[in-house]
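For reference, the structure is listed below as structure tokens.
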Amino acid sequence: MIKEINIGLLGFGVVGGGVAEILHRHQEDLSHKLGVPVKIKKVLVKDATKKRETELSPNIFTTDLDEVIGDPGIDLIVEVIGGTSEAKQAIEKSLRAGKGVVTANKDVMAQFGHDLLKLADEHKCDLFYEASVGGGIPLIRTLEDGLASDRIRALTGIVNGTTNFILTKMKHENKTYEEALAEATELGYAEADPSADVDGIDAARKMAILASLAFSTEVRLEDVFVRGLKDIQDGDLALAEQFGFTVKMAGSAKKDDDGIEISVEPVFIQNSHPLASVNNEFNAVYVYGDTVGETMFYGPGAGSLPTATSVTGDIVAACRNLLLGVNGKRLHAPQFAYKVKSDNQISGRYFHRISVMDEVGVLTKLASVYSNHGASLATVVQHEGDNNGGVDLIMITHSISRQQHLDIMNELHNTPEVNGVVSYYRVEGENR
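Number 140 in full-length UniProt numbering belongs to position 140 of the sequence shown; there are no gaps in the numbering.
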């Protein structure tokens, strides 16, 4: 009979410290819910002699991974090291040693999650990764359990708190991108090197994880279409508002009989859509299921304690499985073959902002470009003010394929009357 559950904690940074704090603060509640106490027995760190503000004994800190994984008294490994290579190796080593793993590592799960889940199945171990997506929002458990009886058709949402914070400051406080990024860095929402966030890579990893789970298939990170915040140009946010939209860095994953499409990019979302009002560092994800219809999950997407809360929730789930003797019983094999849509099969409405010469006949010329590619226009507006000696034309299309959009962009770049395509956005929130 198990009298207590001991944890080996790999990493003691922001999230690791948060996990230790929650386990200490809520020990009485956890013991009541599980029937046994849950204790941290060893902690892997880079410097075991470093002074730390924690209730944990300094004697349990070590720099030796084998000392943690090889300890027969440790029942569960919690990986919050961060990074990719070292964390992946630690997870693999833990699973091969027959120890279940809880991880918050989106980088590892997005790139190697399918192989690690297979390894967990082979060694009859649990591998939980709720905190890899959405901070404190229980998205993965909802998809695995709460909506397990439904067939998910689409996911749309804001899954990166840093970019959402930046866009909020740009829209509501008229800050420049550089000013908003500096504030996000000062508050700890952005890393010293923010490229993974602002270039959309972080969100792409999260969408790959969510889509794999929602669609029961092996989604590959390289198949996610990605554009970053740097594609947003001066005046775009004001233009969006003028036309009844809000610019959001959104992830989208959809599945139908033709296959799967996944993207992360700045999009125009109708102001009436709930995602348009999600501000600052908060995340929100819309899930569309055949039977449940539309559901939305909202909460803090980053931070020590929100993320640590998700990690601790996984710890509780893993502990329950250990106590019931059912750890490693969850099958992770995908149900469906992975089929990605081509650009010809992906459709949506597009907003195009085009700088053109202020001459007679230019509008007719541009209309013919769209007509040449079978695209019809819902809105055509000349925007006041000049842009490098020209004027801006705003074109909003009816639904067209991504390939049509790309072909139109290519022809516009080679049209003499066009000074340049200033910016473009997919219009989200319609024609789901």
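All C-beta atoms in this analysis are idealised placements derived from N, C-alpha and C, irrespective of residue type, glycine included.
Here the structure is a predicted model, which means the values were calculated and not measured.
Give me the DSSP bridge partner(s) of residue i.
i, result
"Pro266", "Met249"
"Gly299", "Asn283"
"Gly100", "Leu76"
"Ile158", "Ala284"
"Asp256", "Gly259"
"Gly289", "Ile152, Gly293"
"Leu9", "Val43, Val78"
"Glu428", "Ile269"
"Val14", "None; Val14 has no bridge partner."
"Phe225", "Ser263"
"Val38", "Ile5"
With a cut-off of 8 Å on the beta carbons, I'd call residue i and residue j a contact; round off their distance for me.
i, j, result
"Val311", "Val108", "Contact flag wrong, Cβ pair sits at about 14 Å."
"Met249", "Gly200", "7 Å"
"Leu95", "Leu119", "5 Å"
"Lys50", "Val68", "Contact doesn't hold; Cβ gap of about 17 Å is too wide."
"residue 434", "Thr62", "There is no way to answer for residue 434, as the model of the chain reaches only from 1 to 432."
"Ser263", "Val224", "7 Å"
Are residue i and residue j close, meaning C-beta to C-beta below 7 Å?
i, j, result
"Ala204", "Val219", "no"
"His352", "Ser376", "no"
"Leu412", "Val422", "no"
"Lys214", "Leu127", "According to the sequence as given, residue 214 is Ala; it is not Lys. Cβ atoms of Ala214 and Leu127: not closer than 7 Å."
"Asn271", "Gly244", "yes"
"Gly259", "Lys341", "yes"
"Ile396", "His383", "no"
"Phe336", "Ser216", "yes"
"Asn160", "Asp202", "yes"
"Tyr350", "Arg227", "no"
"Leu116", "Ile81", "no"
"Val38", "Phe12", "no"
"Ala110", "Leu229", "no"
"Ala276", "Ile158", "no"
"Gly390", "Asn414", "no"
Taking only beta-carbon positions, decide if residue i is within less than 7 Å of chain B.
i, result
"Pro416", "The structure shown has no chain B; it contains just one protein chain."
Q | beta strand (DSSP E) segments (min. 3 residues) lying fully within the UniProt domain "ACT" (351-426) | A | 377-386, 390-397
Q: For the region 180-187 and the region 161-172, state whether three or more C-beta atom pairs, one from each stretch, are separated by less than 8 Å.
A: yes
(Q) Count Cβ pairs between the region 288-296 and the region 1-13 that sit closer than 8 Å; are there 3 or more? (A) No: the two stretches stay apart, fewer than three of their Cβ pairs being nearer than 8 Å.
Q.
Across the region 98-105 and the region 123-135, are there enough close Cβ pairs to call them in contact, namely three or more that are closer than 8 Å?
A. yes
Q. What are the complete beta strand (DSSP E) segments, minimum 3 residues, inside the region 40-89?
A. 76-79
Q) Mind pulling the alpha helix (DSSP H) runs of 4 or more residues that sit fully within the region 304-349? A) 304-324
(Q) Contact between the region 184-191 and the region 311-326 is defined here as three or more beta-carbon pairs at a separation below 8 Å; is this criterion met? (A) no
Q | Residue ranges of each beta strand (DSSP E) within the region 95-146, 3 or longer | A | You should have 100-103.
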